[in-house]
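A.B. asks: Numbering (our numbering), first residue to last: 2 to 177.
From the three backbone atoms N, C-alpha and C, an ideal C-beta is built for every residue, glycine too.
Since the model is a prediction, treat every value here as computed from it, not as a measurement.
Structure follows, in structure tokens:
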């Protein structure tokens, strides 16, 4: 089975007016161009095999934006955007399918960096910074990496063929 999970991501916190071109380019290079280059490399093998699946990990920030992360949110929005291969006949279940996947705050190093940044800029404690991040999540918690992995594994298994060209949101009810 030919699978590609585009899961690279980089985030940086800055007001839009403080986001310079170098920061913007660095975030887009990892989050969007990396996704493109990996997909472009994988698709020919998928076509040759007659089957494959691509799952692009994005973010809820790419669905609705967020303060202080305009470059990150914009790059993830582009990852979620329309499938450039749609309508070519290679996106059906017999060849490959592409699915965007948008989790909320996941318990990863990026979130640990965000908590440290909030602490440094606001003087809040770890628990107060975490509470600020999960405040809009009805479950009031971070998404665990295992939840992301389980969902991605489901998208790659037989039986999920009709899920294609969509964004799956894993956000504890935060985004509906």
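On the three-state DSSP scale, how would you describe residue 7?
C.D. replies: The residue given as residue 7 occupies position 6 in the chain shown. It is a strand residue.
A.B. asks: If you follow the beta strand (DSSP E) that residue 54 is part of, which residue opens it and which one closes it?
C.D. replies: Sequence index remark: in the chain shown, residue 54 carries index 53 (1-based). Its beta strand (DSSP E) spans residues 53-58.
A.B. asks: Could you work out which residue in 160, 146, 124 and 82 is closest to residue 166 when comparing CA atoms only?
C.D. replies: Taking the first residue of the chain shown as 1, we reach residue 166 at position 165. Among 160, 146, 124 and 82, the Cα nearest to that of residue 166 belongs to 82.
A.B. asks: Decide if residue 185 is buried, meaning its Cβ has at least 16 other Cβ atoms within 10 Å, or exposed.
C.D. replies: Lying outside 2 to 177, the shown extent of the chain, residue 185 is not represented and no answer is given.
A.B. asks: Taking the beta strand (DSSP E) that residue 171 belongs to, which residues open and close that run?
C.D. replies: Taking the first residue of the chain shown as 1, we reach residue 171 at position 170. From DSSP, the beta strand (DSSP E) with residue 171 extends over 168-171.
A.B. asks: Taking the C-alpha atoms as reference points, what is the distance between residue 56 and residue 124?
C.D. replies: Here residue 56 is taken as the residue at index 55 of the chain shown, counted from 1. Here residue 124 is taken as the residue at index 123 of the chain shown, counted from 1. Whole-angstrom Cα-Cα distance: 38 angstroms.
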